[in-house]
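A.B. asks: Residue numbers (the numbering used here): 6 to 393.
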Amino acid sequence: MVLSQRQRDELNRAIADYLRSNGYEEAYSVFKKEAELDMNEELDKKYAGLLEKKWTSVIRLQKKVMELESKLNEAKEEFTSGGPLGQKRDPKEWIPRPPEKYALSGHRSPVTRVIFHPVFSVMVSASEDATIKVWDYETGDFERTLKGHTDSVQDISFDHSGKLLASCSADMTIKLWDFQGFECIRTMHGHDHNVSSVAIMPNGDHIVSASRDKTIKMWEVQTGYCVKTFTGHREWVRMVRPNQDGTLIASCSNDQTVRVWVVATKECKAELREHEHVVECISWAPESSYSSISEATGSETKKSGKPGPFLLSGSRDKTIKMWDVSTGMCLMTLVGHDNWVRGVLFHSGGKFILSCADDKTLRVWDYKNKRCMKTLNAHEHFVTSLGL
């Protein structure tokens with residue numbers, strides 16, 4: 006690279022200033038003579054310390070270039086492998102990869118549940134600090150805190166439109182929030198102990214809740230009245246989740262069972278027993294996964310011609326089980342976690358299962374081959390919840 010006459014003159018003056026200010030008098034005199042510099046005190050003030058500034062700027066730029074090269078290489082790798090930035094990526098194939106996009110902090114106690122808004126780029130978290138926090142997951146920014154519960158918030162659930170949010174707490178109440186105005190519009194009382202789980206039914210007209218009082222209750226959204234109580238579990242009911250059309254609800258309990266209930270009749274359709282410890286979490290399989298599950302497990306198609314429904318459960322026995330609800334059979338057991346399994350979900354593409362546990366990991370399972378295909382050391386403490 007060839008310097009212009011002006012650039013050469015500026016560089017020479019900066020070098021001369023460096024030599025003089027650092028006491029290299031002899032070198033300064035020789036350099037000044039050979040470079041034919043006419044040093045003027047006023048003029049030279051603008052070159053004071055210029056060489057050092059240029060040098061440190063070059064170092065900073067080199068570091069930045071290295072960081073950008075590293076990011077570029079990562080992006081190229083993701084592009085070829087179908088990762089987050091690749092144009093070839095099929096959303097059905099995407100799985101989480103480190104590092105995390107954001108680490109969101111603000112709760113003063115452990116986080117009990119995280120869920121995504123069904124419409125907007127918003128994520129909501131519940132915590133043992135008795136609050137619910139709202140975050141923008143595109144920017145990682147905290148937006149607001151919802152306060153009203155007086156004890157640990159155990160679970161949260163959106164309706165299909167995202168206009169309503171339900172929450173439940175160890176204070177024995179269920180609250181319904183207007184998520185547009187961020188106001189509590191209804192508080193429901195009726196459980197006799199810690200309310201551990203809540204879900205808004207697919208039709209949006211009812212809420213189901215599960216409690217340490219061993220019952221599951223159904224509430225009318227419009228009035229807040231309890232319209233049904235499901236009894237049968239012998240211990241604390243940990244989680245309750247409706248299926249996609251709202252005709253069935255599944256529940257899991259400290260009694261080591263998973264139960265499936267017919268909403269219309271309150272009948273217990275199936276009692277699934279194979280776990281050897283408390284069952285912490287459950288998740289229904291989306292219909293998009295039915296054919297993959299049938300292929301992977303050899304599950305027989307019913308007389309109706311449709312396979313399923315299928316259900317996942319995660320337990321303190323460190324295992325994940327997949328069930329065919331129509332037959333009550335356990336189709337597979339996934340082993341790999343080293344501690345209590347606290348969350349389990351089917352990937353939206355239907356080919357993978359995601360789980361989290363008290364072993365501080367998030368795991369991705371290829372259930373067709375019954376193996377853990379990826380382990381992310383996600384947190385420094387227990388991983389209590391995951392959302393998709």
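Glycine residues also receive a C-beta, built at the ideal position from the N, C-alpha and C atoms.
Given that a residue counts as buried once 16 or more other Cβ atoms are within 10 Å of its Cβ, and exposed if not, what is arginine 149?
C.D. replies: As a first step, residue 149 must be located in the sequence shown, where it is residue number 144. Burial call: exposed.
A.B. asks: Look at the alpha carbon of serine 202 and the alpha carbon of methionine 223, and state the distance between them as a whole number of angstroms.
C.D. replies: Locating residue 202 in the sequence shown gives position 197, where the first residue counts as 1. Locating residue 223 in the sequence shown gives position 218, where the first residue counts as 1. Distance between the alpha carbons of serine 202 and methionine 223: 12 angstroms.
A.B. asks: Taking only three categories from DSSP, how would you classify methionine 193?
C.D. replies: Walking along the sequence shown from the start, residue 193 turns up at place 188. Residue state, collapsed to three classes: strand.
A.B. asks: Assuming cysteine 361 and arginine 347 are in contact, meaning their beta carbons sit under 8 angstroms apart, how far apart are those beta carbons, in whole angstroms?
C.D. replies: Taking the first residue of the sequence shown as 1, we reach residue 361 at position 356. Taking the first residue of the sequence shown as 1, we reach residue 347 at position 342. 6 angstroms between Cβ atoms; contact.
A.B. asks: Only counting the same chain, and skipping five residues up and downstream in sequence, which positions put a Cβ closer than 7 angstroms to that of serine 320?
C.D. replies: The sequence position of residue 320 within the sequence shown is 315, counting from 1. Taken in chain order, the residues that qualify are His280, His282, Val283, Val284, Glu285 and Val346.
A.B. asks: Return the CA-CA distance between alanine 401 and glutamine 159, expressed in angstroms with no decimal places.
C.D. replies: Residue 401 is absent from the model: the chain starts at 6 and stops at 393.
A.B. asks: May I ask you to report which of helix, strand or coil DSSP gives methionine 71?
C.D. replies: In the sequence shown, the residue the question calls residue 71 occupies position 66. In the structure shown, methionine 71 sits in a helix (DSSP, three-state: H, G or I).
A.B. asks: By how many angstroms is the C-alpha of glycine 209 removed from the C-alpha of asparagine 248?
C.D. replies: As a first step, residue 248 must be located in the sequence shown, where it is residue number 243. As a first step, residue 209 must be located in the sequence shown, where it is residue number 204. Those two C-alpha atoms are separated by around 13 angstroms.
A.B. asks: Do you know offhand how far glycine 153's Cα is from valine 129's?
C.D. replies: The residue you call residue 153 lines up with position 148 of the sequence shown. The residue you call residue 129 lines up with position 124 of the sequence shown. Whole-angstrom Cα-Cα distance: 15 angstroms.
A.B. asks: Closer than 7 angstroms by C-beta to histidine 165: which residues in its own chain qualify, once you throw out the five before and the five after it? Chain order, please.
C.D. replies: The residue labelled residue 165 in the question sits at position 160 within the sequence shown. Taken in chain order, the residues that qualify are Pro123, Pro207 and Gly209.
A.B. asks: Are the segment 262–277 and the segment 289–300 touching, with three or more C-beta to C-beta distances below 8 angstroms?
C.D. replies: No contact exists between the segment 262–277 and the segment 289–300.
A.B. asks: State the Cα-Cα distance for the pair arginine 216 and glutamine 261, rounded to the nearest angstrom.
C.D. replies: Mapped onto the sequence shown, residue 216 falls at position 211. Mapped onto the sequence shown, residue 261 falls at position 256. The question names arginine, but residue 216 is serine in the sequence shown. Each residue's Cα considered, the two are about 15 angstroms apart.
A.B. asks: Can you tell me whether tryptophan 60 is buried or exposed, with buried defined as 16 or more other CB within 10 angstroms of its CB?
C.D. replies: Counting from 1 along the sequence shown, the entry for residue 60 is found at position 55. Under this definition tryptophan 60 is an exposed residue.
A.B. asks: Leaving out the 5 sequence neighbours to the left and right, which residues in its chain are closer than 6 angstroms to cysteine 189 when beta-carbon positions are compared?
C.D. replies: Looking up residue 189 in the sequence shown gives position 184. Closer than 6 angstroms at the Cβ level, and outside the excluded window around cysteine 189, lie Gly153, Lys180 and Trp182.
A.B. asks: In its own chain, which residues sit with a C-beta less than 8 angstroms from the C-beta of leucine 367, not counting the 5 before and 5 after it?
C.D. replies: As a working mapping, residue 367 is identified with position 362 in the sequence shown. Pro101, Leu359, Ser360, Cys361, Thr380, Leu381, Ala383, Val388 and Leu391, listed in sequence order.
A.B. asks: Rank Trp328, Gln10, Glu98 and Asp363 by C-alpha distance to the C-alpha of histidine 342 and give the top, closest one.
C.D. replies: Along the sequence shown, one-based indexing puts residue 342 at 337. Per the Cα distances, Asp363.
A.B. asks: What did DSSP end up calling threonine 324 once you bin it into helix, strand or coil?
C.D. replies: Mapped onto the sequence shown, residue 324 falls at position 319. If DSSP states are grouped into helix, strand and coil, threonine 324 belongs with the strands.
A.B. asks: Going residue by residue through the segment 6–30, where are the continuous alpha helix (DSSP H) segments of at least 4 residues, counting only ones entirely within it?
C.D. replies: Counting only runs of 4 or more, we get 10–26.
A.B. asks: Nearest by alpha-carbon distance to phenylalanine 187: which of Val226, Leu169 and Asn199 is it?
C.D. replies: Within the sequence shown, numbered from 1, the residue matching residue 187 stands at position 182. Per the Cα distances, Leu169.
A.B. asks: Just verifying my parser: in three-state terms, what is the DSSP assignment at glutamate 36?
C.D. replies: Taking the first residue of the sequence shown as 1, we reach residue 36 at position 31. The displayed chain sequence assigns phenylalanine, not glutamate, to residue 36. Looking at phenylalanine 36 - three-state DSSP - the assignment turns out to be helix.
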